[in-house]
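Protein chains in written order, with our numbering: chain A, 9 to 285; chain B, 85 to 475.
Yeah, the Cβ is synthetic: ideal placement off N, Cα and C, and Gly gets one too.
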Amino acid sequence: MLGDGILKGLVETARNFAGSYVSKERMTTVEYPEERLPLPEAARNFPFLVYDGDDWEKGLRCVACQICEKECPPKCIYIEKSKDKKPDYVGKPQIYPAKFDIDISVCMSCQICVEVCPFEAIKMNTEFELATDDRFAGLLLDRKQLSRSNEYYHQIHPTEASEVDARLAEEKAKVEAKAKAAAEAAAAKAAAAPAVGSPATPAAKPAAPVEAKPAPAAIAAEVAKAPVAATAPAAPKPLPGTGSDGTAPMSAEDKKAAETPAKPDEGEPKAQGEPKE
Amino acid sequence: MTDRLDQIFVLLKHWLLGYLPESWQTPVGVVISVVCIIGLYPALFAITTVLERKGVARIQNRLGPNRVGPYGILQPMADGIKSLTKEDIVPTSADAVVHFLAPVILVVTVFMGFAVLPMGRNMVLVDMDAGLLFYFAMGASTELSVFMAGWSSRNKYSLLGAMRAVAQMISYEVALLLSSVVIVMMTGSLSLVKIVEAQNHYSYGFPHWFIFTPWGLAAFIMYAVAGTAETNRSPFDLPEGESELVAGYHTEYSGFKFALFFLGEYVAMFSISALGSTLFLGGWMAPLSVLQVVPSWIWFFGKLFVSMCVFIWLRGTLPRLRQDQLMNFAWKFVLPMCLLNLFVAGLWRFMGDGWLRWLVCSAILILAYVSIGREGMRRQKFGPRSYRYAE
Numbered sequence: 009m010l011g012d013g014i015l016k017g018l019v020e021t022a023r024n025f026a027g028s029y030v031s032k033e034r035m036t037t038v039e040y041p042e043e044r045l046p047l048p049e050a051a052r053n054f055p056f057l058v059y060d061g062d063d064w065e066k067g068l069r070c071v072a073c074q075i076c077e078k079e080c081p082p083k084c085i086y087i088e089k090s091k092d093k094k095p096d097y098v099g100k101p102q103i104y105p106a107k108f109d110i111d112i113s114v115c116m117s118c119q120i121c122v123e124v125c126p127f128e129a130i131k132m133n134t135e136f137e138l139a140t141d142d143r144f145a146g147l148l149l150d151r152k153q154l155s156r157s158n159e160y161y162h163q164i165h166p167t168e169a170s171e172v173d174a175r176l177a178e179e180k181a182k183v184e185a186k187a188k189a190a191a192e193a194a195a196a197k198a199a200a201a202p203a204v205g206s207p208a209t210p211a212a213k214p215a216a217p218v219e220a221k222p223a224p225a226a227i228a229a230e231v232a233k234a235p236v237a238a239t240a241p242a243a244p245k246p247l248p249g250t251g252s253d254g255t256a257p258m259s260a261e262d263k264k265a266a267e268t269p270a271k272p273d274e275g276e277p278k279a280q281g282e283p284k285e
Numbered sequence: 085m086t087d088r089l090d091q092i093f094v095l096l097k098h099w100l101l102g103y104l105p106e107s108w109q110t111p112v113g114v115v116i117s118v119v120c121i122i123g124l125y126p127a128l129f130a131i132t133t134v135l136e137r138k139g140v141a142r143i144q145n146r147l148g149p150n151r152v153g154p155y156g157i158l159q160p161m162a163d164g165i166k167s168l169t170k171e172d173i174v175p176t177s178a179d180a181v182v183h184f185l186a187p188v189i190l191v192v193t194v195f196m197g198f199a200v201l202p203m204g205r206n207m208v209l210v211d212m213d214a215g216l217l218f219y220f221a222m223g224a225s226t227e228l229s230v231f232m233a234g235w236s237s238r239n240k241y242s243l244l245g246a247m248r249a250v251a252q253m254i255s256y257e258v259a260l261l262l263s264s265v266v267i268v269m270m271t272g273s274l275s276l277v278k279i280v281e282a283q284n285h286y287s288y289g290f291p292h293w294f295i296f297t298p299w300g301l302a303a304f305i306m307y308a309v310a311g312t313a314e315t316n317r318s319p320f321d322l323p324e325g326e327s328e329l330v331a332g333y334h335t336e337y338s339g340f341k342f343a344l345f346f347l348g349e350y351v352a353m354f355s356i357s358a359l360g361s362t363l364f365l366g367g368w369m370a371p372l373s374v375l376q377v378v379p380s381w382i383w384f385f386g387k388l389f390v391s392m393c394v395f396i397w398l399r400g401t402l403p404r405l406r407q408d409q410l411m412n413f414a415w416k417f418v419l420p421m422c423l424l425n426l427f428v429a430g431l432w433r434f435m436g437d438g439w440l441r442w443l444v445c446s447a448i449l450i451l452a453y454v455s456i457g458r459e460g461m462r463r464q465k466f467g468p469r470s471y472r473y474a475e
């Protein structure tokens, strides 16, 4: 009969009307500023800089290699290198960004900076309440505004952050193992020296810088040849017997790295980026 | 005491007029009544907007406005301030005078209708003999303002919206009038006060409203359909179909002029509902004889409130009609039913008292409803489209 569909519809809407007062599950909306839905883990908005520890300035992972600045399609990143150096997470002295600005009014959230970063220093944030009444300075974020702790990174992207942490820990372990091996080799050499005839004290002198230096040298080598390092076994490469062979190239590499620290990073950014993502 | 309360507004007005010289009493009395009407209905409009937004939101399982004031009840104030402070834009190529006059005429004609509507016992501005006629004359003038708005804006959407509005309003005006004519046939009067008085008696505690007769119920349903269409309410809101016409005839209006259109639309809804309850639901009468202690104006505004709720409920339920469906429904279903209802009302009048007329009249109407509904509203089946020349 004409009109029974209308009656059915009226009953349905009346049920919705009454039901919305009774059951909270019916409600399709949330009252946004007070309550908010959890963001999906893959959510991303604008990049931020990760730092380890409590001090954002000291713990910043970024070494101002400027790969992201060069790769950024809309060119929204602006980096100035520092003149001095500070130790990074494995203890190697690195330059750091004296200035790191991202213009989020230009940024298109493409995540390319994250993909190319060899140091896991830049990641995507999920913050979206960035409205400001100053459209120039208010949207140009400096490195202090961009820096977020690693704990925060764990909060917003737990899976991704623990993967990154595992990778960094592995690298650090490798570097430490190498350093240990080098130290042992040096010790063995020092122990072998008195048998040849030379005095113990002069032998200890060249050994000391060797002990300290292999660590940054190894990480530089590690980073430059990341694909090789990933496939290589984690066991210490130089055997105790071949100590003299192992230390010689390392010190050379270290010297080179000290002269032009950014060079190995700039050299092949694509090769470094690929194995990570 | 109950009488006092029932007549409180009338007594208040007389008390106020008592302080004036006799020659002033009539004009000042009229002005007081007019000011009351003009103040009251926009206030009701404000309440209705928030009620509608909340109601429709609940129907869609949302919360609705809840920021301004407790539970969002002050939302209309915020809306009003917003519309007052907005820029009033008149398109360069628009006819400025007509563009300005259109919302004014709408509001004026809509408010004129209230002059003849009794809002309680002895509470009517003008007890006109031809009250119903005056009301429909005023109601028909709203079409003029709608077309003025659409034409003067010089905008395709506005003009299309206005064309639709005029086509729709004229079609349903016929049904609106024919369904009301039945009441005039029965009461023999065009005065709305007399029409209410004609329903003002009870048997076994129940009222003799016209809706409780077969022809009255049929006329009421037709009146409700035509009234919804006449006020451009959903599901008949084609003139302002925002999905196809931006906003219809008031596309080019902004700020307070737009607010006036909005106000006019809602006040027209009140006015149509008030006339409907006057004609079919006993106006200011109590629904049971024992409830007569409650003042008459409470019943009038209670009925108004209920019909507003029904309007909102319908809006939350029904999708918009298509233009051809709208026209088919008006001319193929509502109009034949109204004409048949005139015949049934005559039959009822001359069959005398008794159960037989109930049976005969109900049977005719139900039969007609089912058959016209089935045949007239049957969905047309279209085959594959054939072209004569463009093969």
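Scanning the region 228–286 of chain B for uninterrupted alpha helix (DSSP H) segments of 4 residues or longer gives 240–271, 276–282, listed from N- to C-terminal end. A contact between stretches requires three or more CB pairs, one per stretch, nearer than 8 Å, and the region 327–337 of chain B meets this requirement with the region 244–261 of chain B. The C-alpha of K186 of chain A lies about 15 Å from the C-alpha of L176 of chain A.
Shown here for N316 of chain B: same chain residues with a beta carbon closer than 6 Å to its own, the five before and five after excluded, namely P323 in chain order.
At a cut-off of 7 Å between C-beta atoms, R34 of chain A counts as an interface residue with respect to chain B.
The way I'd put it, the region 350–365 of chain B does touch the region 189–203 of chain B; three or more beta-carbon pairs between them come closer than 8 Å. Using a Cβ-Cβ cut-off of 9 Å, S28 of chain A is close to A141, R142, I143, Q144, N145, R146, L147 of chain B, given in chain order. Counting other Cβ atoms within 10 Å of its Cβ, E49 of chain A stays below 16 and is therefore classed as exposed. G67 of chain A and L147 of chain A have their C-alpha atoms some 24 Å from each other. Contact fails between the region 143–150 of chain B and the region 204–216 of chain B, because fewer than three Cβ pairs, one in each stretch, are under 8 Å apart. With a threshold of 7 Å between beta carbons, L10 of chain A makes contact with chain B.
Contact with chain B is found for F25 of chain A, since one of that chain's Cβ atoms lies less than 7 Å from the residue's Cβ. Shown here for F108 of chain A: same chain residues with a beta carbon closer than 6 Å to its own, the five before and five after excluded, namely I87, R151 in chain order. Exclusion of the five residues before and after V174 of chain B leaves A180, H183 as the residues of its chain whose Cβ lies within less than 6 Å of its Cβ.
Close CB contacts of Y256 of chain B within its chain, under the 7 Å cut and outside five residues either way in sequence, are with A310, A313, E314, A414 (chain order).
Interface annotation, G67 of chain A: not in contact with chain B, CB-CB separation never under 7 Å.
M207 of chain B: not part of any alpha helix (DSSP H); DSSP gives it neither H nor E.
Counting every other CB atom within 10 Å of its CB across the protein chains shown gives A249 of chain B a total of 16 or more, marking it as buried. The residue among B:S237, B:M306, B:L135 with its C-alpha nearest the C-alpha of L426 of chain B is B:M306.
Our two residues, D96 of chain A and Q153 of chain A, have alpha carbons roughly 20 Å apart in a direct line.
Residues of chain B whose Cβ lies closer than 7 Å to the Cβ of L18 of chain A are, in chain order, W397, T401.
A Cβ-Cβ distance of about 4 Å is found for the pair L402 of chain B and P319 of chain B, placing them in contact under the 8 Å criterion.
In this structure, the alpha-carbon of L101 of chain B lies about 22 Å from that of L201 of chain B.
D111 of chain A is bridged by DSSP to A:L148. Taking the Cα positions, G99 of chain A is about 39 Å away from T140 of chain A. Within chain A, not a single residue places a beta-carbon under 7 Å from that of V174 of chain B; the smallest gap is close to 32 Å.
Interface with chain A (7 Å Cβ-Cβ cutoff): G113 of chain B is excluded. If you look at M132 of chain A, you'll find it in the beta strand (DSSP E) that goes 130–132. Sequence-distant Cβ neighbours of G156 of chain B in its own chain, meaning closer than 6 Å and more than five residues away, are P149, N150. When DSSP assignments are scanned along the region 132–213 of chain B, the uninterrupted stretches of alpha helix (DSSP H) that are 4 or more residues long and fall wholly within it turn out to be 159–169, 180–196.
By the C-beta criterion, the region 436–448 of chain B is judged not to be in contact with the region 282–291 of chain B, since fewer than 3 inter-stretch pairs fall below 8 Å.
If you look at V390 of chain B, you'll find it in the alpha helix (DSSP H) that goes 380–401. Neighbours of V454 of chain B in chain A, taken as residues whose beta carbon is under 7 Å from its own, are M9 in chain order. Contact check for A303 of chain B and S263 of chain B: beta-carbon distance about 4 Å, within the 8 Å limit, so the pair qualifies. DSSP places V58 of chain A inside the beta strand (DSSP E), whose first and last residues are 55–59. For G457 of chain B, the chain A residues whose C-beta falls within less than 9 Å of its own C-beta are M9, L10, G11, listed in chain order.
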